[in-house]
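A short worksheet on the structure shown next.
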Amino acid sequence: MPYQRIKFYQTGSFAAGNRLLAEDQRSVQSGTERSNTLTCGHRACQGCGEALGARYALDAVMRATKGKMIAVNATGCLEVFSTPFPETSWQIPWLHSLFGNAPAVASGVAAALAAQGRTDIRVVAQGGDGGTVDIGMACLSGMFERDDDVLYICYDNQAYMNTGVQRSGATPPAARTATTQAVGPEPGNKFGQGKNVPLIAMAHEIPYVATATVADLRDLEYKATRAMDFHGARYLHVLVPCPLGWGSAPADTIKVARLATESGLFPVFEAETGQVVSATPIRRLVPVTDYLRLQARYAHLFAPVERTETIARIQAAADRNITRFNLSPERPALRAPVIPADSGGL
Amino acid sequence: MFQVRFHGRGGQGVVTAAELLAAAAFREGRHAQAFPSFGSERMGAPVMSFCRIDDKPIRTHEPVSEPDALIIQDPTLLHQAELFAGFSPDGYLLINSAHDFGELGLDEFVQAVHPSGRDRLLVVPASALALTHLGRPLPGAALLGGFASLTWAVSLDSVLAAISERFRGAIAEGNAEAARAAFAFVQDEREALSHA
Amino acid sequence: MLKQIEGSKAVAQAVAMCRPQVICAYPITPQTHIVEALSAMVKKGELAAEFLNVESEFAALSVAIGASATGARAYTATASQGLLYMSEAVYNAAGLGLPIVMTIANRAIGAPINIWNDHSDSMSQRDAGWLQLFAETSQEALDLHIQAFRIAEELSVPVMVCMDGFLLTHASERADIPSQDQVDAFLPPYQPRQVLDPADPVSIGAMVGPEAFTEVRYLAYERMRQALDLIPSVAADFAAQFGRDCGGLVRPYRTDDADVVVIGMGSVLGTVKDTVDELRTEGMRVGVLGITTYRPFPADAIRDALGVAPRHVIVLERALAPGTGGIVTADIRMALAGRMAPHLSTVIAGLGGRAVTTKSLRGLLATAAAGELAPLTFLDLDTGLADRELARMRATRRSGPSPENMLRDLGITASRIG
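The listed protein sequences correspond, in order, to chains Z, A and F.
Sequential numbering of the first sequence, starting at 2, is according to my numbering.
Sequential numbering of the second sequence, starting at 6, is according to my numbering.
Sequential numbering of the third sequence, starting at 48, is according to my numbering.
Quick look at the structure:
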């Protein structure tokens, strides 16, 4: 890991304070000078993972850029709950693009800044999984291909939440959504190929790609900061549980995110120019059922009957991730990371 | 207004020829308009281009339906009815060919034209001249040289100036040589006809 | 400086002189020569701008939106299918009040796919909130771009400059290209009303509910009204500085004592003017009224230009509204309502690049003069061809794709031009 691992004796827990750490290792949120880029008063649901993740990520970017940042936001929960007319909870220059073009609009912002000679100002584009994985994929790939100087952050809550929890290209297999309901002989989302955007980003060989979750906010801050060390196209994919859509308790958001990583379903890693450079090992491997049971969107896998076959397929996807990214000594690792025939699991 | 219609195939420089003619007219301080027929853009497909020359501004944008001069860059297009549509018996016709009108199967066509106008119907081996001077069978510049001699709608000097403005180096020189050669060829041809 | 130049290249030179800072483009026939020329200028260092080759038209206008919101002068160009593909962004740009200038190289919209000129594309976006200016010549096309940037930035409204695909984009005509000094004197640097700036953060693009949406839209309507005054004054300034009378709202030609007035837009006006001159020598009192500014619709100017109503007004439409007929006709009808309305005829002409000829126009006007022109006519319609296909469709359920049937009927192969 490129940054200093925090020793337990220094903090006693994953606390935000860290008085005993060097200043640049301290959590951004621990400082009184933090930007509060997304300040209070927004209308996010109780326990919203996206609101938490956005604040941490963007405050970190603000620290890294000394406050010189412009954000472009796709349509979605974040945009809607942060700007209920006539109020805004953004304390940065912020532009709501359309649903499918946040990467392109951000490219335009970056181009304007370059034309104006103001390259000290950096650009962040952000969107949910829908706006990134589905409708925004063309613009995202274009931004990657041109290596435009934009950090794109995807807040992945695995469905079109703002419009009422419909299935997106990021919805995991078997999950219940309004358009993949838990009815019929095969309830929940179909098993498809998935769309692994971090791997797609890596295939573009852009300078920096990373995944993170709201379970490890220090890691999220680190990755947002690290991304700003690079110029060119960068991609950060953040897992953000949605209590409403996932049917999990608002108080469980961080716990659920942690279980996603500890089960192997959501690998946490960094890549530079198409090569994985670090992967967070799983501290305590758990079976996927520990994760699935906390979410009503998977309730049909356990009642009225336990769907062992489906659960086994989900477990297999988690195992593939663990193997591929070498996340746990309890699973055999391959010699080198490979891209398997089907890439489910994220 | 003097209206010219070019016929050829995609890739032969039909559009460039029209533009060069417009450029030549422009150099003489005249108004000119050149545009292609906007067919499917494909090598080898029949294409037309148009050029209008006038002393006052040219306002219309319709295709040239009644050409004062017809330039056929590719004789394999002959015997397609549309080629001569709107062409009047006292118009100018210049065909890129080494064959005469008889060999081209146009005897009847020529006979329909009044004898006094037959010196307006000429062939010029433009592709061959281009091959000789330019190294490629692109007949456009040569045809314009021949056209200048045939119609005097523009002078040879204007054509040569347009060529040197459009092209560089060996290509410019080759095209200019081909144009000069074609001009001389047509001049000789007309003299021969007038003495016949 | 006078040049014999391809319309696209003339426009590219004019746009370059307007000092755009961000140019983004996706290629589509017949706009390609414009953006190719601009890309070469940027690459050679002749034009200091960021040029982005984007992955779709939707991305192109999106890039322009981001750039404009950041205070940069932004430009793009498209046509036909591309304009439709970016339609969401077209409305977005207008709603956000971003002064982007976009060239529309007017081309028909498919299906059937057709790369040739008509006005369907611009018409499809006429209510998106952009100004729409229609150029009659290559000269006017290049001049309108210079005026467009100034108008857009004064009003904070985006502007479409429409020029007929192929007929103007790919035709070589004489044009007077202004100097950089002239353009600089006419077009000051962009001063945005709103800008993304860390030194003074604002949120742009919030959701607006029922409590304020009407008022926001009313402002859009109001800005269009202001445009009706601004456009002529910018045209007057342009005439004073560049010595050319172009742009403005409408352009009448021999309409003062006309019995019949043809109304049209774009390059077809040149052909109509030639026809008008011919017919005038033969004693027919005919005139033509060109609409240069289509949005906002210059109702007052049209009423004034038509003066005491001519007996007959013929609206020459370069697009079709299936289900009703003419598009511009509806606007004209509204403009002339309540007064001695003349006999109004719609003529749908030149769809998909079919040439509008003096010969056809003469026939049309003769029919009109004889009082026999129907309320709606399709100029040069091959009724036999259409009727035969209709008969085929009546005879069999599975009659096949109509366009292909008709092409086969006409005997058209891919290598011939109809």
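Yeah, the Cβ is synthetic: ideal placement off N, Cα and C, and Gly gets one too.
At a beta-carbon threshold of 8 Å, the residues of chain F lying near A/Pro41 are Phe213 and His217, ordered along the chain. According to the DSSP assignment, Z/Thr178 belongs to no alpha helix (DSSP H), since it is labelled neither H nor E.
Here F/Thr405 has Thr318, Asp321, Thr322 and Glu325 as same chain residues with Cβ atoms under 8 Å from its own Cβ, once five neighbours each way along the sequence are excluded. F/Pro245 and Z/Ile71 do touch by the CB rule: their CB atoms are close to 7 Å apart, below 8 Å. Across the set A/Gly122, A/Phe188 and A/Ala23, the C-alpha of A/Gly122 shows the shortest separation from the C-alpha of A/Ser199.
Taking 8 Å as the cut-off between beta carbons, the residues of the segment 394 to 410 of chain F near chain A are Gly400, Ala402, Val403, Thr404, Thr405 and Lys406, in sequence order. For F/Asn153, the enclosing beta strand (DSSP E) covers residues Val148 to Asn153. Closest in alpha carbon position to Z/Ile207, among Z/Met63, Z/Leu240 and Z/Asp148, is Z/Asp148. Counting other Cβ atoms within 10 Å of its Cβ, F/Phe260 stays below 16 and is therefore classed as exposed. Taken through DSSP and simplified to helix, strand or coil, Z/Leu328 comes out as coil. In this model, F/Leu94 and F/Ala63 are separated by some 6 Å (Cα to Cα). Less than 7 Å divides the Cβ of Z/Ala65 from the Cβ of Z/Met229. Distance from the Cα of F/Ala382 is smallest, within the candidate group F/Gly354, F/Arg409 and F/Asp306, for F/Gly354. Taking 3 residues as the minimum length, the beta strand (DSSP E) runs contained wholly in the segment 207 to 278 of chain Z are 209 to 214, 235 to 240 and 270 to 273, in order along the chain. Beta-bridge partners of Z/Trp95 (DSSP): Z/Ala72 and F/Ser250. For the pair F/Leu277 and F/Ile198, the CB atoms are nearer than the 7 Å cut-off. Remark: C-beta atoms of A/Leu134 and A/Ala147 approach each other more closely than 7 Å.
Neighbourhood of Z/Ala115 in chain F, by CB distance below 8 Å: Glu97, in chain order.
Residue burial is scored here from C-beta neighbours: F/Val101 has at least 16 other C-beta atoms within 10 angstroms and is therefore classed as buried. Unbroken beta strand (DSSP E) stretches of 3 residues or longer found wholly inside the segment 90 to 134 of chain Z: 95 to 97 and 123 to 129, given in chain order. Just measuring C-alpha positions, the residue of F/Asp231, F/Pro67 and F/Ser171 sitting nearest F/Val137 is F/Ser171. Shortest Cα-Cα distance from F/Lys56 to any of F/Glu220, F/Gly311, F/Arg386 and F/Leu108 involves F/Glu220. Taking 7 Å as the cut-off, the Cβ atoms of F/Leu180 and F/Leu191 count as close. At a cut-off of 7 Å, the C-beta of A/Pro144 has no neighbouring C-beta in chain F.
With a beta-carbon spacing of about 4 Å, F/Ala152 and F/Ala126 fall inside the 8 Å limit used to define contacts.
The C-alpha of F/His359 is placed about 42 Å away from the C-alpha of A/Tyr97.
DSSP, reduced to helix, strand and coil, places Z/Leu22 outside both helices and strands of the structure shown, so it counts as coil. The C-beta of F/Met271 comes no closer than 7 Å to any C-beta of chain Z. For A/Ala39, the enclosing beta strand (DSSP E) stretches over residues His36 to Pro41.
DSSP places F/Ala188 in the uninterrupted alpha helix (DSSP H) bounded by Ser185 to Leu202. The CB of F/Val255 never comes closer than 7 Å to any CB in chain A; the least such distance is about 44 Å. Against chain A, a Cβ distance below 7 Å from F/Asp321 picks out Arg64 and Thr65. Sequence-distant partners of F/Gly157 (beyond 5 residues in either direction) whose C-beta falls short of 8 Å from its own C-beta, in its chain, are Ser127 and Gln128. Rounded to whole angstroms, the gap between the alpha carbons of F/Gly334 and A/Ser132 is 48 Å.
With a contact defined as Cβ atoms closer than 8 Å, A/Phe11 and A/Ala22 qualify at about 6 Å.
Excluding the 5 residues flanking it on each side, F/Ala114 has same chain C-beta neighbours closer than 6 Å at Val69 and Ala121, in chain order.
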